[in-house]
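Following: one structure in structure tokens, then a few remarks.
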Amino acid sequence: MQGKKEAKVKVQNLTKKFGDLLVLDDLNFEVQDGEFLCIVGPTGCGKTTFLNTLTKLYVPTAGEILVNGIPVDPKKQNISYIFQEYSAYPWLTIKENVKWGLKIKKVPEKEAEESAAEMLDIVGLTKFADYYPSQISVSMLQRVVIARAFATKPELLLMDEPYGQLDIDLRFRLEDELLKLWERTKTTVLFITHNIEEAVYLGQNIMVLTNKPTSIKTVIQNPLPLPRDVMAQDFVELREHVTELIKWW
Amino acid sequence: MKTKKKFNKYMLISVISIAVGIFVWWLLTAGLGLVKSNILPSPDTIVHTFIKKLYDPNPEGGTLFVHLLASLQVALSGYGLGIVLGIPLGIIMAWYPRIEMTVRPVFDLVRTVPGVAWIPVMVSLAGIGLLSKALVIFISAMVATVINSYSGIKQTKEVHLWVGQTFGASNWELLTQIAIPSALPMIMTGCKIALGQAWTTLVAAELLASTKGIGYMIQQARGIFRLDIVIVGMIVIGLTGAALTGLITLIEKAVLKGGKY
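Sequences listed follow chains V and Y, in order.
Mapped onto my numbering, the consecutive letters of the first sequence carry residue numbers 178 to 426.
Mapped onto my numbering, the consecutive letters of the second sequence carry residue numbers 32 to 292.
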């Protein structure tokens with residue numbers, strides 16, 4: 178891909194066991210700077226374990242994860258993680274939620290205020306800045322979380338089925354929003370989903386995982402230009418191809 | 032607008048139910064004379080006694096105001112100390128496993144003992160002044176706040192902590208900026224429960240060991256068959272308890288800006 182350039186994320190021999198249960202089996206891969214990588218796999222194949230190990234929420238049993246050439250550490254590297262569950266803080270206003278990561282990273286108040294205002298504008302929540310999460314809808318909540326994740330201008334953004342619980346219409350809208358943000362910020366994205374259509378719609382590359390114990394089956398390049406049309410012939414063909422890979426064994 | 036209307040409607044129902052209650056009471060006593068006044072005094076006697084007790088220290092030696100002040104002093108000092116120590120204790124017990132292992136066994140023994148059972152011990156330790164009663168109330172208030180702040184912290188959503196961790200928050204930041212704010216509703220509930228406990232324990236303590244206070248007034252009046260004073264005391268206890276609970280509810284609303292979660 179980008180030849181001699183150092184990979185953004187480098188995973189070497191990553192293995193995770195819970196007791197005797199082997200969940201991640203010797204994973205090796207690289208992610209380039211600015212890449213949008215979708216990770217798909219059968220349900221229960223350990224996708225979440227994979228991301229959680231990647232961010233040190235879980236301690237890997239063996240192997241190494243390097244971000245910019247140094248072992249991953251959320252205190253040193255600028256990482257954002259968007260979880261499957263709704264994770265906006267109910268005790269903070271929408272704006273305070275968006276500013277939260279900036280506060281932890283000790284960004285000066287004025288700068289944080291500006292970044293938060295900008296993000297709120299992008300996700301269309303400026304009018305709701307002083308509302309509390311209990312006062313807004315579920316789709317807005319997920320946009321709050323996305324704004325919070327992008328506000329810190331992360332070098333690595335991890336997303337674990339962020340739209341899994343939303344209806345299809347809303348999902349398309351938020352996916353487009355995400356692509357716009359990605360093109361704008363050039364951040365590296367690892368996006369986990371069980372929805373193959375979503376993976377083909379978003380990803381530059383699609384990593385297919387096997388059943389437990391999880392290993393990498395293959396990584397497919399997605400040649401389709403943005404924005405993609407889910408009804409187009411080449412889109413459907415690629416989607417079918419990925420589907421075959423998942424259920425093939 | 033709609034909720035306000037609803038609120039007024041409920042207020043009206045409450046007022047009517049209280050009025051009906053008092054009317055039935057009056058009917059049974061003064062109205063039809065079914066119950067003798069030395070068994071249950073009529074509502075107008077109570078009102079009369081209440082007004083009289085505002086300025087008359089007889090027969091037990093203190094005006095209503097003096098008794099109420101004494102009771103509040105004991106209750107609030109014990110309660111204040113209880114929540115000031117209980118909330119942090121519950122929080123650190125829930126957050127730091129080592130502290131939990133150290134404190135938990137002692138706490139589990141103490142929590143099951145009702146506050147009233149401490150009265151004899153405290154009286155022999157500290158006499159029948161303010162200190163012994165405040166200590167009894169302190170224990171009951173502290174137990175309630177420890178339990179609630181402990182469970183509040185323990186119920187912090189894992190995903191909320193994960194968000195903090197992936198942003199690189201320190202353990203202290205995770206505690207102060209995620210766990211504690213997310214436990215606040217339960218902590219506030221703990222303060223309310225503790226207040227109820229403090230107030231009931233207080234009256235029990237004053238019945239047993241005291242020289243003034245509402246509980247003492249009731250106890251003395253009972254001895255000379257002045258049931259009207261007893262009932263005045265009960266009403267004052269009820270009203271004061273309700274007023275204090277209302278005060279905490281106001282504080283709760285101010286603290287929990289994001290609503291209940």
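Note that CB positions come from ideal geometry on N, CA and C, so glycine has one too.
- Chain order gives the chain V residues near Y/Trp193 as Asn229, Thr232, Leu234, Tyr258, Phe260 and Ser264, where near means a beta carbon separation below 9 angstroms.
- The Cβ-Cβ distance between Y/Met124 and Y/Val177 falls below 9 angstroms.
- Following the DSSP letters along the chain, one finds V/Phe368 inside the beta strand (DSSP E) bounded by residues Thr365 to Ile369.
- Considering only beta carbons, no part of the segment 217–247 of chain Y lies closer than 8 angstroms to chain V.
- Pairing V/Met317 with V/Leu302, the inter-Cα distance amounts to about 8 angstroms.
- In the structure shown, Y/Ile159 falls within a coil segment according to DSSP collapsed to helix, strand and coil.
- Closer than 9 angstroms to the CB of V/Lys252 there is at least one CB belonging to chain Y.
- Put simply, the CB of V/Trp359 is far from chain Y, with every gap to its CB atoms at 9 angstroms or more.
- Think of a sphere of 9 angstroms around the beta carbon of Y/Val190: the chain V residues whose beta carbon falls inside it are Phe260, Gln261, Glu262, Tyr263 and Ser264, in chain order.
- For V/Leu214, none of the residues of chain Y pass the 7 angstroms Cβ criterion, the least Cβ distance being about 18 angstroms.
- In this structure, the CA atom of V/Thr220 is about 8 angstroms from the CA atom of V/Asn388.
- Take V/Tyr263, set aside five residues on each side of it, and the residues of its chain with a beta-carbon closer than 6 angstroms to its own are Leu318, in chain order.
- The bridge partners DSSP lists for V/Asp250 come to none.
- Spatial neighbours of V/Phe260 in its own chain (CB-CB distance under 6 angstroms, excluding positions within 5 residues in sequence) are listed in chain order as Asp337.
- For Y/Pro128, the closest Cβ of chain V is not nearer than 9 angstroms.
- Per the coordinates, the alpha-carbon of Y/Leu95 lies some 15 angstroms from the alpha-carbon of Y/Arg257.
- The beta carbon of Y/Gly111 sits no closer than 9 angstroms to any beta carbon of chain V.
- A direct Cα-to-Cα measurement between Y/Ser155 and Y/His191 gives close to 49 angstroms.
- For Y/Cys222, the enclosing alpha helix (DSSP H) covers residues Ile211 to Leu239.
- According to the DSSP assignment, V/Val244 belongs to no alpha helix (DSSP H) but to the beta strand (DSSP E) extending over Ala239 to Val244.
- For Y/Thr197, the neighbours in chain V by C-beta distance under 8 angstroms run, in chain order, Thr232, Leu234, Pro251, Ile256, Ser257, Tyr258 and Leu335.
- Residue range Ile373 to Leu379 is occupied by the alpha helix (DSSP H) that includes V/Glu375, with no beta strand (DSSP E) assigned at that position.
- Take the alpha-carbon of Y/Lys164 and the one of Y/Tyr181: they are about 26 angstroms apart.
- Straight through space, the alpha carbons of V/Lys272 and V/Leu191 are spaced by roughly 37 angstroms.
- Think of a sphere of 7 angstroms around the beta carbon of Y/Ala200: the chain V residues whose beta carbon falls inside it are Ile281, in chain order.
- V/Val284 carries a coil assignment under DSSP once its states are collapsed to helix, strand and coil.
- Per the coordinates, the alpha-carbon of Y/Leu43 lies some 29 angstroms from the alpha-carbon of Y/Leu85.
- Judged by pairs of C-beta atoms under 8 angstroms, the segment 321–340 of chain V touches the segment 359–367 of chain V, as three or more such pairs exist.
- Between V/Lys287 and V/Leu297, the alpha-carbon positions lie close to 15 angstroms from each other.
- By the CB criterion at 9 angstroms, Y/Trp230 and Y/Ala106 fall inside the cutoff.
- Sorting V/Gln381, V/Pro402, V/Leu415 and V/Arg405 by C-alpha distance to the C-alpha of V/Asp210 places V/Gln381 at the top.
- When Cβ-Cβ separations below 9 angstroms define contact, Y/Pro212 makes contact with chain V.
- Proximity of chain V to Y/Glu204 at the Cβ level (cut-off 7 angstroms) is accounted for by Ile281, in chain order.
- Neighbourhood of V/Ser292 in chain Y, by CB distance below 9 angstroms: empty, with the nearest CB roughly 14 angstroms away.
- Using a Cβ-Cβ cut-off of 8 angstroms, V/Gly240 is close to nothing in chain Y; its nearest Cβ partner there is about 19 angstroms away.
- In summary, no residue of the segment 198–224 of chain V has a CB separated from any CB of chain Y by less than 8 angstroms.
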